[in-house]
Every structure is written in structure tokens, then in C-alpha cells.
Amino acid sequence: MKRESNVMHNTLFRFVKQVASLAQKLTDAALMELSDPAGNGFAGWKHAVLLYLREHMSAEYEEIIDWAEEMERVRAVLNLQRGEFPAPSTLCKAFKRASMTVWRQLLRRSAELLDQNGHAAIDATYFDRQQASSHYLRRIDRSVKTIQTTFLVDTAEGAVLDLHCSTEWPDETKIGPKVALRNAGDLRSLAADKGYDDMSFREELRNAGIRPLIKHRVFAPYDHAHNARIDDELYGQRSQTESVNSSIKRSHGSAVRARDWFRQFREITLIAGVYNVEQAIER
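Mapping to UniProt numbering: the sequence shown position 156 is 156, numbers consecutive.
Here it is, written out as C-alpha cells:
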């Protein structure tokens with residue numbers, strides 16, 4: 001039992017060290033968004049570490065601060081003493097205050113911990129909104145019970161490169177270009193199922209130097225011919241997105257905890273970053 005406890009603590013410490021390294025590389029603007037505006041000296045990257053750790057351990061704000069205060073090696077990484085940790089409400093406000101840009105930066109840096117080959121796949125999945133704000137639901141006059149999340153995944157080791165969240169379930173052919181093209185510099189090919197079948201999307205990918213591997217919906221014999229020309233090996237790696245979706249939900253659940261939609265989007269982005277770090281420290 002003692003050995004198992006030591007292994008668990010070592011894994012958690014490695015997780016903290018890795019996130020601390022990523023968070024300290026954030027842009028100054030991102031760190032300012034995370035920092036406490038009260039000016040108590042609690043740096044933004046430390047907020048990021050504790051928020052990542054909270055998701056990794058599926059803990060509440062109070063629990064994660066109590067735990068971190070008792071771990072000597074974690075205190076050393078954060079350069080904090082007992083009693084110097086932020087209040088749970090301060091940590092919660094930091095999560096709410098930081099924009100999606102901050103969490104995307106952390107997600108992209110976390111993806112760099114894993115090997116990438118430039119061959120990516122894109123697919124959508126759904127997260128339950130069990131804690132959705134009733135005020136928000138009344139205001140939009142509909143019951144939005146799930147969030148559509150589109151993951152862009154590199155197929156080498158399943159790194160989540162980027163994502164898009166929506167409560168409106170937009171057409172996949174509208175979301176695909178948005179997610180893929182803002183990562184165009186890192187992609188050599190993009191695999192997607194027939195839900196992304198759109199000639200203008202394929203053309204946009206080609207113009208950006210990305211090889212489209214998107215199955216055609218079959219309406220005529222020539223559609224069979226188009227599909228036959230797709231590289232089966234590369235297209236077959238599209239299943240990586242399904243594996244990543246499944247793994248994230250097994251480890252972190254299929255429901256978000258935040259109440260408001262904007263915090264739910266940030267929570268899912270944070271979860272994807274935590275997933276990348278977890279995969280990296282397991283290798």
C-alpha cells in the first residue's frame with residue numbers, strides 16, 4: 001500500500017511539474033488574465049497549475065488547495081508556504097476570469113508534449129450540461145442539455161490540438177474549416193467522416209496546403225471513385241478521435257460541472273489540456 005501511495009504521489013508531482021513548466025511559458029497577457037487583480041502576488045501560472053490539478057484529481061476547490069498545501073514537493077514547485085495558497089473563491093474567480101484564449105494557449109502547449117506527425121483527424125462529440133444555469137436556459141427559451149465539442153486530434157499519439165464548443169449544434173461543415181484552418185501550419189492532412197463532406201471545405205484545405213481525407217456521401221457512381229482514391233491507411237487513423245473522445249469521458253466524465261456556458265467551454269478546453277499532460281507523463 002505504501003509503495004502504491006508513493007507511485008501515486010510521484011505521478012501527481014510529475015503532473016504538477018509538467019503543468020508548471022507549460023504555464024510559465026504563457027504570454028504576458030494570458031498570465032495577467034489569470035493573476036489576481038487584487039495584486040496579492042499570486043502569479044497567474046500558479047492559478048493555472050492548481051486549476052489543472054483540480055481537474056486531474058476531480059476535486060473541489062477547497063480539496064485541491066488543502067491537498068496542495070500538505071504536499072512539500074508541490075509547495076516547492078509553486079514556491080509557496082502553508083498559508084500562502086489562495087482562497088478557494090480566488091481560484092474559482094481566476095478560472096472564470098481567464099478567456100478561452102488562455103485555455104487554448106495551454107491546450108496547444110500541452111499538445112506539444114506528445115509526438116505529432118501532422119496527420120490529423122476531426123470529429124464531434126457531446127458533453128452533458130447537468131449544471132446548466134436555469135437563468136440561461138430561460139433566456140434562450142430552450143433546454144440545451146448537451147454541448148457539441150469538435151476535437152482536432154493529431155494521429156501520432158492522440159494529442160488534442162484544438163477544439164470548438166457550441167450549444168447550438170452547428171453544421172459540421174461550418175465548424176471543420178474554422179478549427180482546421182487556424183491550425184493549418186501544423187497539418188499535412190485532415191481525415192474526417194462524411195459529416196464533413198463539402199467541396200468548399202476540401203478546397204480551403206488544399207489552398208492551405210492540407211491534404212483532405214474526407215469521405216464523399218454516395219449520390220452517384222463517381223462518389224465511389226472519389227472514396228476509392230482516399231489513402232486507406234491515413235483515413236483509418238481517423239478512429240484516433242473516437243479513442244480520444246472515449247478516453248476523456250472515461251477519465252473525466254461525460255458531463256461538465258460549471259453552470260454557465262462560457263465556463264463550460266473553458267472547462268472542456270481545460271479537460272483536453274489535462275488529458276494531453278496525463279498521456280505525456282504516462283509515456
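Beta carbons: idealized from backbone N, C-alpha and C, even for Gly.
For the alpha helix (DSSP H) containing residue i, name the first residue and the last one.
| i | result |
| --- | --- |
| F201 | 199-207 |
| residue 284 | Since the first and last residues shown for the chain are 1 and 283, residue 284 lies out of range. |
| P88 | 88-97 |
| R211 | Note, R211: premise wrong, no alpha helix (DSSP H); beta strand (DSSP E) at 211-214. |
| I248 | 239-252 |
| D232 | 232-236 |
| R108 | 100-111 |
| L31 | 28-34 |
| V49 | 44-57 |
What is the C-beta distance between residue i and residue j, in whole angstroms, given that I count them as a contact (C-beta under 8 Å)?
| i | j | result |
| --- | --- | --- |
| G44 | E33 | 7 Å |
| D36 | A98 | That belief does not hold up - the Cβ atoms of D36 and A98 are roughly 12 Å apart, past 8 Å. |
| G273 | Y52 | 7 Å |
| L152 | I175 | With a Cβ gap of about 10 Å, L152 and I175 do not count as contacting. |
| I210 | D197 | The Cβ separation is near 16 Å, so there is no contact. |
| D193 | G118 | Incorrect: roughly 20 Å between the Cβ atoms, too far for contact. |
| I271 | C165 | In fact, because the Cβ distance is near 11 Å, the residues do not count as touching under 8 Å. |
| T149 | A124 | 7 Å |
| G195 | E172 | 4 Å |
| L12 | K46 | Contact doesn't hold; Cβ gap of about 16 Å is too wide. |
Taking the beta strand (DSSP E) that residue i belongs to, which residues open and close that run?
| i | result |
| --- | --- |
| L190 | 189-192 |
| Q148 | 146-154 |
| I268 | Segment 261-282 is the alpha helix (DSSP H) holding I268; no beta strand (DSSP E) there. |
| V160 | 160-166 |
| N66 | According to the sequence provided, residue 66 is Asp. The question's Asn does not apply to it. Note, D66: premise wrong, no beta strand (DSSP E); alpha helix (DSSP H) at 61-70. |
| D128 | 119-128 |
Within the same chain, show all residues whose beta-carbon is closer than 7 Å to that of residue i, passing over the 5 residues directly before and after it, in chain order.
| i | result |
| --- | --- |
| K146 | For clarity, residue 146 is Thr in the given sequence; the question names Lys instead. These residues qualify, in order along the chain: Y126, F127, D128, R129. |
| D141 | Bear in mind that the predicted position of D141 carries a pLDDT of just 45, short of 50, making it too unreliable to give a figure here. |
| T90 | D36 |
| R202 | P212, I214 |
Excluding the 5 residues flanking residue i on each side, which residues of the same chain have their C-beta closer than 6 Å to its C-beta?
| i | result |
| --- | --- |
| residue 286 | Any question about residue 286 goes unanswered here, given that the chain covers just 1 to 283. |
| F42 | D36, P86 |
Spatial neighbours of residue i within its chain, please: C-beta separation below 8 Å, excluding the five flanking residues on both sides.
| i | result |
| --- | --- |
| V277 | F15, Q18, V19, L22, Y52, H56, S110, L113 |
Using a beta-carbon distance below 8 Å, is residue i in contact with chain D?
| i | result |
| --- | --- |
| R14 | Going by chain labels, chain D is absent from the structure shown, which holds only one protein chain. |
Any 3 or more C-beta pairs closer than 8 Å across the region 243-257 and the region 74-90 = The region 243-257 vs the region 74-90: no contact.
query = Any chance the region 197-211 sits against the region 158-166, with 3 or more Cβ pairs inside 8 Å?
reply = The count of Cβ pairs closer than 8 Å, one atom from the region 197-211 and one from the region 158-166, stays below three, leaving the stretches out of contact.
message = Count Cβ pairs between the region 66-75 and the region 94-102 that sit closer than 8 Å; are there 3 or more?
response = no
query = Is the region 8-22 touching the region 106-119, taking contact as three or more C-beta pairs under 8 Å?
reply = Using a Cβ-Cβ distance cut-off of 8 Å, the region 8-22 and the region 106-119 are in contact, since at least three pairs of beta carbons, one from each stretch, lie closer than that value.
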